[in-house]
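A quick write-up on the structure given underneath.
In the numbering used here, the protein residues as written are 10 to 590.
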């Protein structure tokens, strides 16, 4: 089915459908109009004014050919599926319209429930709305009710035929000439979710998106209900003649593709117990984390792109053209820049009030997933510092995990923080290559790659002096050592770029644990801007510690504090007193 034009409904003679199909987002759903002889069925009006105008025009054209009742069905009451119905006068004033909504969703519309409709999440308002027919009012034993609709829009209910019960709760809307619309209760994505069958077409709402990040965890989402629903819909697809599935978002699907999608969703849902509820607070925190993280990812990718361009240029000058060309192919810098620029524009729209925090959280999820697919650590590691690559990989994974509704993994272990800090200070000024690798390269390819690694390395701390006094007999602390290293390197890089000439690193032990202090002369500089401070704070939290920053025009002090891991202490003399320039 193409969409944007009237087409025959498979399995029904003389019944046509108009599909308004959109890209997948949370601004608005797909919408569908089905023209029966005795009624016009309208599924999910959506949430955008331009969409509403098109749909109203098509409905009026159909009513001009033959005036009939308009039966409006909501696959569920999330505002991306029904905002236009609730706010557009054109829809509210349609003559002889009958609104069908599952009972819990109907109650939500009638009482103005902002959580059930996700109005609180997308920060939109709507008027309370009466619902004409509450579908599935009773328990499952009452499934099978038949609702007759006359050409005048009158409604009559009749008891189910006990011999016609299905494995899935269903109700049937029957028109004057015998045409039927079958409705199935399919909770999981939301308690009021329904699927609708017309001929060989199944309108499945957001069922195929029920485990998507930022969707799974919405108010009313239920993993066990979802599992039951999927089993029932799979049975329906195998037992009934359904050839096309029309989702609430995105392109039509054939039955085989729908079955595959549902099986994948069912498997994915098994790992989603305990995910965070997707609510306004989650959206605020996730969007804030996304902005902070993407700013750092942008910085690191800029460093990578710059170094690869520089290495390629030098190799070209040295007539190592094959290796120079390889540098250009290691990453699609143009696409990376396009993706990150897209995110930055989106972030600016949020600042201007044109986007909502949930939109930014979703956008960051899309960008992080695309960057992760572009990022080829194994190839880049032949040229660039592994610490740099590890940080990008970790940042993208951290956001994906957070966006999924879980906390990023932290390997909290008892660690000698004095030795860890000493290794960091030594490693940041130590080249990641050995000159012998160039001199003793066994072949031309090995020589070119060793040379590229040598050219790519930049000592960011060449003009910075480190003074490290680890202290003796510090207790072990509980922390994620790799995350601690990444956090400290990030802070040192920012201080170096700010022009701080020297850093004094010391330690102390008190009731809060072990604190590593990084002190220096500010000289009127801002050691960490607001975005960098937020990122450092988040990174320290994820490593198991606490972050603080005190600064004035003359000096600053950054402190990273970690809880003591064991009662005893250990000798940290091996960390030594390091002074690096």
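Note that the Cβ used here is the ideal one computed from N, Cα and C, for glycine as well. Computed from a prediction, not measured in an experiment: that's the story for all the values here.
On the three-state DSSP scale, how would you describe residue i?
i	result
residue 591	Summary: the structure shown does not reach residue 591, with the chain confined to residues 10 through 590, and so no result is reported for it.
residue 679	No answer is possible for residue 679: the residues shown for the chain start at 10 and end at 590.
residue 45	coil
residue 131	helix
residue 393	coil
residue 442	coil
residue 163	coil
residue 563	coil
residue 157	strand
residue 24	coil
residue 35	coil
residue 140	coil
residue 554	coil
residue 10	coil
residue 582	Unreliable positioning characterises residue 582 in this predicted model, as indicated by a pLDDT of 39, which lies under 50. The coordinate reading is nonetheless provided below. Correct three-state label for residue 582: helix.
residue 318	helix
residue 544	helix
residue 147	coil
residue 16	strand
residue 123	coil
residue 329	coil
residue 185	coil
residue 60	helix
residue 55	coil
residue 603	One cannot answer for residue 603 here, as it falls past the ends of the chain, which runs 10 to 590.
residue 376	helix
residue 152	coil
residue 437	coil
residue 177	coil
residue 107	strand
residue 569	strand
residue 190	strand
residue 535	coil
Spatial neighbours of residue i within its chain, please: C-beta separation below 6 Å, excluding the five flanking residues on both sides.
i	result
residue 541	503
residue 470	437, 438, 505
residue 446	459
residue 15	25, 27
residue 141	107, 108
residue 267	254
residue 578	Its pLDDT being 41, under 50, residue 578 is placed unreliably in this model, and the coordinates cannot settle the point.
residue 169	153, 154
residue 167	155
Which same chain residues, not among the five before or five after residue i, have their C-beta less than 7 Å away from its C-beta?
i	result
residue 543	301
residue 417	407, 410, 411, 551
residue 325	333
residue 295	370, 411, 412
residue 179	152, 153, 191, 192, 193
So is residue i buried or exposed if we call it buried at 16+ other beta carbons inside 10 Å?
i	result
residue 468	exposed
residue 291	buried
residue 45	buried
residue 61	buried
residue 18	buried
residue 75	exposed
residue 372	buried
residue 215	buried
residue 318	exposed
residue 31	buried
residue 87	buried
residue 120	exposed
residue 263	exposed
residue 73	exposed
residue 279	exposed
residue 508	exposed
By Cβ distance, which residues of its chain are closer than 8 Å to residue i, with the 5 residues on each side in sequence left out?
i	result
residue 423	485, 486, 487, 574, 575
residue 146	112
Any alpha helix (DSSP H) of 4 or more consecutive residues that is wholly inside the stretch 252-310: Restricting attention to alpha helix (DSSP H) runs no shorter than 4 residues, the stretch 252-310 encloses them at 264-278, ordered along the chain.
The stretch 80-97 touching the stretch 193-208, judged by at least three CB pairs closer than 8 Å: With a cut-off of 8 Å, the stretch 193-208 and the stretch 80-97 count as touching, because enough Cβ pairs lie within range.
Within the stretch 71-104, ranges of the beta strand (DSSP E) (whole runs, at least 3 residues): As far as the stretch 71-104 is concerned, its whole beta strand (DSSP E) runs of at least 3 residues are 79-82.
Validate contact between the stretch 549-556 and the stretch 490-504 using beta carbons, cut 8 Å, 3 pairs: Three or more Cβ pairs closer than 8 Å define a contact, and the stretch 549-556 meets that threshold against the stretch 490-504.
Given 8 Å as the limit, is there contact between the stretch 177-185 and the stretch 147-162, that is, 3 or more CB pairs closer than that? Cβ pair count under 8 Å is three or more, so yes.
Uninterrupted beta strand (DSSP E) stretches inside the stretch 455-531 (no shorter than 3 residues): Unbroken beta strand (DSSP E) runs of no fewer than 3 residues, entirely contained in the stretch 455-531, are found at 474-478, 484-488, 511-519, 522-530, following chain order.
I'd like to know if the stretch 307-314 and the stretch 405-413 are in contact, where contact means that at least 3 CB-CB pairs between them fall below 8 Å. No contact exists between the stretch 307-314 and the stretch 405-413.
The stretch 371-387 / the stretch 335-345 touching (three or more Cβ pairs under 8 Å): These segments touch.
Which ranges would you report for the alpha helix (DSSP H) in the stretch 194-258 if only whole runs of at least 4 residues count? Complete alpha helix (DSSP H) runs here, min 4: 232-248.
Using 8 Å as the Cβ pair cut-off and three pairs as the minimum, do the stretch 274-293 and the stretch 121-140 touch? Flag = yes, the stretch 274-293 and the stretch 121-140 touch.
For the structure I just gave you, are there three or more beta carbon pairs, one from the stretch 560-568 and one from the stretch 519-531, closer than 8 Å? Under the Cβ criterion (8 Å, minimum of three pairs), the stretch 560-568 counts as touching the stretch 519-531.
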